[in-house]
Amino acid sequence: MTVWTASDRVQRWYESRFDQARAATGRPVIGVVGVDVPVEIIESCGARAYRLSAVDRQPTVEAVRLLGGAVDASAHSILDQILAGDFDFLRGLVISRDSQSSLRLFYVLRALAAEGRTVPPIHLVDLLHIRRESTRKYNVDQIDKFAAAVAQWTGRTHTIENLRTACTVRAELAGRLREVRARRSAEEPTVSGTTALRLYALSQTVPPEESLSLTDSILSAREPVAGRVRIFVTGSAHDHDHDYAALEAGGAQVVGEDHSWGDPLADLWTEVGEATHLGAAHSTIAAHRLQCSPLAQTSGLGERARYSAECVRRSGAQAVLSLVRRNDPAPGWDYPSLVEELDSVVPTAKLTGATYSWQREELVAAIEQLEREECEASTR
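Using my numbering, the first residue of the sequence shown is number 32, and each one after it goes up by one.
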């Protein structure tokens, strides 16, 4: 009889998350592209949010032609899946303007819809990130329009009571994910980087109640984690677990990251308190998101470098590995500023040019390089 550990159960859920969303009954599924979509709005309208990710297959010539060659491969893959009908079960698709590739994807889908092609109904959420009052007001208007679109798709009225409930559940999940973040970076970690990444992905692709249950199972299990060197991952977002699994199989322990499929997710969601009307609740959500982690595509270089360096220190990382995919320029611009901010205290390495994921041999070589540099630094 096979005995499944908590990590095994999380892996099984992670690997089947698309099939489960496609087979879901009882609640419509709303697709999400990007991290700037407040999914609690979707859930308050009785729907299930599912954040789209790339798959490890070659996109079609049409998908590449429509988006253009100089676009991150993740966007090519998502468009390819849409054109293939993989997401024909979606009631609608919400795209956040958190990168140029996401914005281009929105325009391509809008043009295809105008031509009569079969694509999901789409809506663009354009949340800004400059911390000032005018930004908050603009973002509240964006959330109002987004909520109206979702309510129309689901046929369910968006109410303050439902939103308050959805926000409470999301805030509870965020608290659990912050505990995951702390456990994986502890001196004696009980959550691996790969498991943490899978939990973050599940928090955006399965109902939050199920995500809570899976997260609690990991926190209760306290499974020991081994690794020769503690690594912090920066660079492109990892919407898959291939690189993390290879790094940890190669002897690293991934103790943190600063991309939009990782640790920053633990700070995204908040309760709306005693808000008595939707305007106040939307304002609370907008204000909270203005204080969230600065990401590579939506922040200034200095702010981003200071944030990432603080994350490195907080995680207790012995080294930093930047993984930057081809045609994903923003993380590459961040790297020199991060190295400067760390002031040579923590060894760093950078891999570039992969279309989607790196070869295991490349990642193992990077680990070995960082191990040597960390040993040299510790003996000075």
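Cβ coordinates follow ideal geometry from the N, Cα and C atoms, glycine included.
Whole-angstrom C-beta distance between residue j and residue i, which should lie under 8 angstroms
i: residue 349; j: residue 260; result: 5 angstroms
i: residue 336; j: residue 361; result: The pair is not a contact, with the Cβ atoms about 13 angstroms apart (cut-off 8 angstroms).
i: residue 265; j: residue 351; result: 6 angstroms
i: residue 375; j: residue 333; result: Residue 375 to residue 333, Cβ: 18 angstroms. No contact.
i: residue 195; j: residue 318; result: Incorrect: roughly 16 angstroms between the Cβ atoms, too far for contact.
i: residue 137; j: residue 60; result: Rounded, the Cβ-Cβ distance is 19 angstroms, inconsistent with contact.
i: residue 329; j: residue 355; result: About 17 angstroms separates the two Cβ atoms, so there is no contact after all.
i: residue 342; j: residue 274; result: At roughly 18 angstroms, the Cβ-Cβ gap does not stay under 8 angstroms, so residue 342 and residue 274 are not in contact.
i: residue 140; j: residue 150; result: 5 angstroms
i: residue 313; j: residue 171; result: 5 angstroms
i: residue 114; j: residue 85; result: With 8 angstroms as the limit, residue 114 and residue 85 do not qualify as a contact, their Cβ atoms being about 14 angstroms apart.
Residues that DSSP places opposite residue i in a beta bridge
i: residue 471; result: Look at the range of the chain in this structure, 32 to 411, and you will see that residue 471 is not part of it.
i: residue 382; result: 354
i: residue 265; result: 353
i: residue 283; result: 260
i: residue 288; result: 264
i: residue 81; result: 62
Residue i classed as buried or exposed, judged by whether at least 16 other C-beta atoms fall within 10 angstroms
i: residue 322; result: exposed
i: residue 372; result: buried
i: residue 410; result: Legend: pLDDT at residue 410 = 47, less than 50; position of this residue unreliable, no value from coordinates given.
i: residue 316; result: buried
i: residue 74; result: buried
i: residue 188; result: exposed
i: residue 320; result: buried
i: residue 308; result: exposed
Cβ-Cβ distance between residue i and residue j below 8 angstroms
i: residue 258; j: residue 395; result: no
i: residue 331; j: residue 185; result: no
i: residue 208; j: residue 234; result: yes
i: residue 286; j: residue 249; result: no
i: residue 225; j: residue 214; result: no
i: residue 72; j: residue 200; result: no
i: residue 296; j: residue 239; result: no
i: residue 379; j: residue 346; result: no
i: residue 69; j: residue 191; result: no
i: residue 359; j: residue 267; result: yes
i: residue 223; j: residue 289; result: no
i: residue 97; j: residue 83; result: no
i: residue 38; j: residue 254; result: yes
i: residue 36; j: residue 252; result: yes
i: residue 79; j: residue 55; result: yes
i: residue 237; j: residue 51; result: yes
i: residue 277; j: residue 391; result: yes
i: residue 211; j: residue 246; result: yes
Counting beta carbon pairs with one atom in the region 120–131 and one in the region 60–70, are three or more of them shorter than 8 angstroms? yes
Counting Cβ pairs closer than 8 angstroms, one from the region 218–230 and one from the region 39–51, do we hit at least three? yes
State whether the region 294–305 contacts the region 380–397, with contact taken as three or more CB pairs (one from each stretch) at a distance under 8 angstroms. no
Mind the definition here: the region 92–103 touches the region 32–42 only if three or more C-beta pairs lie below 8 angstroms; say whether that holds. With the cut-off at 8 angstroms, the region 92–103 and the region 32–42 do not touch.
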